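Under my numbering, the first residue of the first sequence carries the number -7, and numbering increases by one thereafter.
Beta carbons: idealized from backbone N, C-alpha and C, even for Gly.
Fair warning: this is a prediction, and the values are worked out from it, not measured in the lab.
Below is one structure, written out as structure tokens, with a few remarks after it.
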Amino acid sequence: MLRLFDTAIGDLVEITPMTSGQFSMYVCGPTVYDVAHLGHGRYALVFDVLRRYLEWRGLKVRHVSNITDVDDKILERAEAENCSPAEVALEFEEKWFLTMDKLGVLRPHHIPHATEYIRQMISLIESLIKADVAYVGEDGIYFDTSKVSDYGLLARQSLDSLKAGARIAEKEFKRSPTDFVLWKFSEGSSWGWESPWGDGRPGWHTECVVMSVDLLGEEFDLHGGGLDLSFPHHENERAQAAVMHYKFSRHWVHNGFVMVGSEKMSKSLSNFTTLDELLHSTDPRAYRLLVVQSHYRSPLEVNPQTVSEASRALARLDATQQRVGETGANLDEAELDQTELAAFADAMDNDLDTPAATARLFELRSRINQLLDDGRVAEAANSCVTMAHLLEVLGLDLKGIWNGEITAEVQGLLDERAEARREKNYALSDRIRQEISALGYAVEDTSIGQKIKKIFEMPE
RNA sequence: GGCGGCGUGGCCGAGUGGUUUAGGCAAGGGCCUGCAAAGCCCUGUACAGCGGUUCGAUUCCGCUCGCCGCCUCCA
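Written out as structure tokens, the structure reads:
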């Protein structure tokens, strides 16, 4: 059975679905005020892999991930660009999904938008006021964190400890530095919704409570996101849910950061690379491979070198599949290797140990080549189909077997080169090889003559 | 200041109380080759430092040093 590290427990726990055969997960999505960077890509890939794995294990997964389209940053950007917040949100939501598609991230089954839930949020805040855990401050309605006995659970700190650690200049009206805003008064901004407390907009921490409960119920299996969401965002969600007596999420899972020279990649540090910048020159699968080659909770170093290493490793996986394809083996009739499947599942069950799982797949790749060297084609075909099958569980689709189709121009060059080689005119042969390479193909000389390969092209 | 995490071979990055290697990339040697490429084989005496527990620790405990994260918006 799957074990995952639960932030609320601080240890590995067995994940037993609430309803047998099903799995409900809520993953905090992006605030759409700018394009996504590598860090966003990592969380999206991590939870995409989790979902794919659970589905592969036969669970019916319900995956919900929101779009935060109400936020001060959206408002700031709209003002700066002289357009409406809705336009900003729409623009970056569209860009978000285009990028996620490139990464091969499966669309969540439900994609709730905060703006669609204003009424429910107001209703929740009313309930919190009625329960005497919210109070009116100068600029909004605040949640009184002292009313939740175990506040600080996800930070693994007590309320007192968190208070002591507060280092931001506090608004005087707040009862505790940890209290957070549920509803912000408009204060002159035109952006807002009517509420019992006047025009305004909801605070960030309320939307996910309302949307997750609406779509998944008052109790669901897993709530996830980047490690920086564990506190205060997720803790604040949990606090509201606790007051409402929701059982809420059974498990909390957080992924580690993308690092740049041992610093967290973030907007504020201006050390980020956008996903589109990366994917412009890199196979999206290479980033996915890089992500799964490290453990989801570990910091992950991403730089041009680590990316190109992953690209190279990926190319070798593609090449091995191609090599099997060229034997003419019938891959449709090949059988999955049950031992490999079980070993893969074992690794994944161990807190989603994708590094171990991929290491095994690379070993399998090596074995396939050995089998081919030995002429054991049928066994190689079985292993190859197994490898491709398991890579798919990680969301990595191999390039597919190329049928060897080439243009007349390339064929002409190949013929010319064969002739040159017969005449041992290697200078000409090498020159033609370069020409062919410029056309997007690689020529290799083997014992049975020239072999042509297609060089992978960047997706547009 | 409070809390938490990390320090593994050239780089990235897993893992474990003990005969045998994570894996990837790079490097060196070999097979093959006109060269190259691909593939295969071989090689590198890794676990921050200092103590402790233990028959035995990189792997558990303590301390020291270094790095990082959260405590503010953040994936």
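When DSSP labels each residue in this structure, what does residue i get in the three-state scheme?
i              : result
alanine 158    : coil
tyrosine 143   : coil
glutamate 452  : Here the model assigns glutamate 452 a pLDDT of 38, short of 50, so the residue's position is not dependable, and the following value carries that caveat. Correct three-state label for glutamate 452: coil.
alanine 380    : helix
histidine 32   : helix
serine 344     : The amino acid occupying residue 344 in the given sequence is leucine; serine does not appear at that position. Three-state DSSP puts leucine 344 in coil, outside helix and strand.
aspartate 422  : helix
glycine 404    : helix
histidine 102  : strand
histidine 287  : coil
alanine 434    : strand
lysine 446     : strand
methionine 17  : strand
serine -2      : Checking the displayed sequence, the identity of residue -2 turns out to be aspartate instead of serine. Note: aspartate -2 maps to strand in three-state DSSP.
asparagine 247 : strand
aspartate 366  : coil
threonine 350  : helix
lysine 166     : coil
glutamate 179  : coil
glutamate 415  : coil
serine 258     : coil
tryptophan 185 : strand
threonine 399  : coil
valine 173     : strand
leucine 390    : coil
glutamate 327  : coil
With a threshold of 8 Å on Cβ separation, who are the neighbours of residue i within its own chain once the five nearest residues in sequence on each side are excluded?
i             : result
arginine 409  : Leu420, Ser421, Ile424, Arg425, Ile428, Val435 and Gln442
valine 97     : Ala36, Leu37, Asp40 and Gly387
methionine -7 : Glu6, Ile7, Thr8 and Asp341
aspartate 437 : Arg413 and Lys443
histidine 225 : Cys20, Trp196, His197, Cys200 and Gly217
aspartate 206 : Pro104, Tyr109 and Gln112
threonine 298 : Leu282
Determine the burial state of residue i: buried for a count of at least 16 other Cβ atoms within 10 Å of its Cβ, exposed for fewer.
i                 : result
phenylalanine 165 : exposed
glutamine 463     : The question about residue 463 has no answer, for the chain in this structure spans -7 to 452.
methionine 203    : buried
alanine 72        : exposed
asparagine 58     : buried
histidine 272     : exposed
glycine 392       : exposed
proline 451       : Residue placement at proline 451 cannot be trusted, given a pLDDT of 43 that sits under 50; what the coordinates show is reported in the next sentence. The residue is exposed, with fewer than 16 neighbouring Cβ atoms inside 10 Å.
cysteine 200      : buried
alanine 351       : exposed
arginine 54       : buried
histidine 243     : buried
serine 16         : buried
aspartate 93      : exposed
arginine 159      : exposed
threonine -1      : buried
arginine 357      : buried
lysine 416        : exposed
lysine 52         : exposed
glycine 144       : buried
Enumerate in chain order the residues of its own chain whose CB-to-CB distance from residue i is below 6 Å, with the five nearest sequence positions on each side excluded.
i            : result
lysine 445   : Ala434
glycine 184  : Ser178, Asp191, Gly192 and Arg193
glutamate 85 : Val24 and Ile59
Specify, as a first and last residue, the run of the alpha helix (DSSP H) that residue i falls within.
i                : result
leucine 309      : 296 to 318
phenylalanine 84 : 77 to 95
aspartate 64     : 64 to 73
arginine 111     : 110 to 122
glutamine 149    : Careful: glutamine 149 lies outside any alpha helix (DSSP H) and carries neither H nor E.
Between which two residues does the beta strand (DSSP E) holding residue i run?
i                 : result
arginine 193      : 192 to 194
methionine 251    : 250 to 252
phenylalanine 457 : Look at the range of the chain in this structure, -7 to 452, and you will see that residue 457 is not part of it.
histidine 272     : First-last for histidine 272: 267 to 273, but that is the alpha helix (DSSP H), not the beta strand (DSSP E).
alanine 126       : 126 to 128
glutamate 211     : 211 to 218
isoleucine 133    : 132 to 135
valine 5          : 3 to 6
arginine 54       : 52 to 57
Given residue i, which residues of its chain have a CB within under 7 Å of its CB, disregarding the five upstream and five downstream residues?
i             : result
aspartate 343 : Arg(-5), Leu(-4), Phe(-3) and Leu4
valine 385    : Arg44, Tyr45 and Trp48
leucine 353   : Met379, Leu382 and Leu383
serine 303    : Thr274, Asp275 and Ala278
histidine 237 : none
Do residue i and the ligand NAP come close, with the Cβ less than 7 Å from some heavy atom?
i             : result
threonine 107 : Among the ligands in the structure shown, none appear at all, so the ligand NAP cannot be discussed.
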